[in-house]
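The numbering of the sequence shown is this note's numbering, which starts it at 16 and goes up by one.
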Amino acid sequence: MPNSLMTSGRRGFTMVEVFVAVVILMLALMPLSTVISASNRTSNVSVYEIMAVHYAAELAEQLNRLSPTMLRQIRLQTGKALPALLGEPSLVAALQDHSFTTEYEVLVPDTRFSLFLSPLHPAFTLRELTVEPLPVHVAPSLLGKGNLWAVKIHLGWKMAPGDPVQHKAVYGVILREDA
16 MPNSLMTSGR
26 RGFTMVEVFV
36 AVVILMLALM
46 PLSTVISASN
56 RTSNVSVYEI
66 MAVHYAAELA
76 EQLNRLSPTM
86 LRQIRLQTGK
96 ALPALLGEPS
106 LVAALQDHSF
116 TTEYEVLVPD
126 TRFSLFLSPL
136 HPAFTLRELT
146 VEPLPVHVAP
156 SLLGKGNLWA
166 VKIHLGWKMA
176 PGDPVQHKAV
186 YGVILREDA
């Protein structure tokens, strides 16, 4: 019988030992999964913020190409100052467009005002322009004479379709219109 004593040694783990090992492993991995989840959420926020910067830069670049003389010419020929021009219902609708390509164009005799807009990503719920006059005393020597306009580009998005939180970003451009 000495052989049976030698072969009866433990060869595996008991259920209790396996269960304790699994619990310890879960307790060790839970904080790691929380960190990974938070990192993923932060990464998604960064992606949408980068997209918002792209949309704003696209509009800001085009608005900055409008010369002060062109803005004055548009106002004289159409009777519309910059706030009315950028508040046109067709432009407001085009800013919210999620389709493939949108070109918003206003034709004015002897001048052309147009904006080319990228389609909005489905997560974006807001893209609009607001225009306010800047007071005359704001750096007239730096910006020159004429009407000064603060154009704000508002963007909003949701991280997920049912997300109650609306993330927002506002970017600004200052335009000058010749007197």
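All C-beta atoms, glycine included, are put in the ideal place defined by N, C-alpha and C. All figures in this text were calculated on a predicted structure; none of them were measured in a lab.
7 Å or more divides the Cβ of Leu81 from the Cβ of Val146. DSSP, read as helix, strand or coil, puts Ser129 in strand. The criterion of a C-beta distance shorter than 7 Å is satisfied by Leu74 and Ile168. Taken atom to atom, the span from the alpha-carbon of Pro137 to that of His113 is near 7 Å. Here Ile89 is buried, its C-beta having at least 16 other C-beta atoms within 10 Å. Taking a C-beta distance under 7 Å as the contact criterion, Leu170 and Ala67 qualify as a contact pair. By the CB criterion at 7 Å, Leu163 and Arg191 fall inside the cutoff.
Scanning its chain for C-beta atoms nearer than 6 Å, with the 5 sequence neighbours on each side dropped, one finds around Tyr186 the residues Ala71 and Ile168, in chain order.
Per DSSP, the continuous beta strand (DSSP E) segment holding Val185 begins and ends at His182 to Glu192.
Nearest to Glu64 by C-alpha distance, out of Glu32, Pro176 and Phe139, is Phe139.
Leu86 is positioned such that its CB atom lies no closer than 7 Å to that of Leu144.
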